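Just below is one structure, and these are the notes that go with it.
Chains as they are written, first to last, in our numbering: chain H, 1 to 116; chain B, 1001 to 1112.
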């Protein structure tokens, strides 16, 4: 049973380019979360999605950032026109269908984005 | 809104020392509480959890007790090992189980 898969593991972009980060949740999981981790700042929530729906995007910058979780395929976090401040580790996590508050999150190994 | 505050690091301990990492929370309703651990270059892994007041979560020698009266969930281990060196995150999930809130993480280094 594969865990949460994120790719690429490392992504290098120049300023102004686009970055696409992919996340395949664990089998049977319909909830996906994206977090950003900056050195010395801990883990910051960005967005929470269910299949084909954005449930909570309160942590995501209003410009240049978008996320989707289509019916088929992985969840995508897209950053347009990247800037140096976007350099960070981006983690995806998934959980099964909600309905119980006891569910935990399963994390991927992250994508380290470096903007030159 | 719901939030988690945890002890700032970094923390450096000698092997076999006693560990405490403090965590307090603010929440409406009755959240579940978690400790996650992140080893270098990896994602977060669940270490332990507690789902109601007075519950004690435990795993790999680590323990934490859900204290509603003090809104705390402090992580303890009686004798740390070098392999425990990692970043530890306190977290809570809201009563719906849909939203998770993380602390800023506490870096622990254990020296031989």
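Note that the Cβ used here is the ideal one computed from N, Cα and C, for glycine as well. Computed from a prediction, not measured in an experiment: that's the story for all the values here.
Distances from the CA of residue 2/H to each of 10/H, 24/H, 64/H, 14/H were compared; the closest alpha carbon is that of 24/H. Interface annotation, residue 1056/B: not in contact with chain H, CB-CB separation never under 8 Å. A straight-line Cα-Cα distance of about 24 Å links residue 40/H and residue 94/H. Within the segment 1033-1044 of chain B, the residues whose Cβ lies closer than 7 Å to some Cβ of chain H are 1034, 1042, 1043, 1044, listed in chain order. For residue 16/H, the closest Cβ of chain B is not nearer than 8 Å. For residue 109/H, the chain B residues whose Cβ falls inside 7 Å of its Cβ are 1042, 1043, in order along the chain. The Cβ of residue 1098/B sits closer than 8 Å to at least one Cβ of chain H. If you draw a straight line from the Cα of residue 1061/B to the Cα of residue 67/H, it is about 39 Å long.
Annotation: the continuous beta strand (DSSP E) that includes residue 22/H extends over 19-24. Annotation for residue 42/H: the continuous beta strand (DSSP E) segment containing it runs 42-50.
Leaving aside the five residues that flank residue 88/H on each side, the residues in its chain whose CB is nearer than 7 Å to its CB run, in chain order, 36, 37, 38, 113. Around residue 64/H, the same chain offers 79, 80, 81 as residues with beta carbons nearer than 7 Å, after the five sequence neighbours per side are excluded. DSSP places residue 1057/B within a strand segment (E or B) once states are collapsed to three.
Using beta-carbon distances, residue 1049/B counts as an interface residue toward chain H, with a partner under 8 Å. In its chain, beyond the 5 residues on either side, 1004, 1071, 1092 have a beta carbon closer than 6 Å to the beta carbon of residue 1025/B. At a Cβ-Cβ threshold of 8 Å, residue 15/H and residue 109/H do not count as neighbours.
When the alpha-carbon of residue 1006/B is set against those of 1106/B, 1051/B, 1076/B, the nearest one is in 1106/B.
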